[in-house]
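One point on numbering: in the working numbering, the residue at position 10 of the sequence shown is 32, and numbering is uninterrupted. Note sheet for the following structure.
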Amino acid sequence: MSDINLRIKGKAGRITLQRPEALNAMTYDMCLAIEKALID
């Protein structure tokens, strides 16, 4: 399972973090994935 879930509906998008065991703390790799999702 991925730590990040990306959903796009029309012109809006939602990024959901899925790391409850770490209280959704972000890792460097998660930051890179979010950056890539925002650029694409």
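Built from N, CA and C at the ideal position, the CB exists for glycine as well.
Item checked: Presumed contact (8 Å Cβ cut-off) between residue 41 and residue 47, rounded CB distance -> 7 Å
Check: Nearest-angstrom Cα distance between residue 30 and residue 45?
Finding: 24 Å
Item checked: Inter-residue spacing [alpha-carbon to alpha-carbon] between residue 36 and residue 28 -> 6 Å
Next item on the list: Let me know the secondary structure DSSP gives residue 45 once reduced to three states.
Entry: coil
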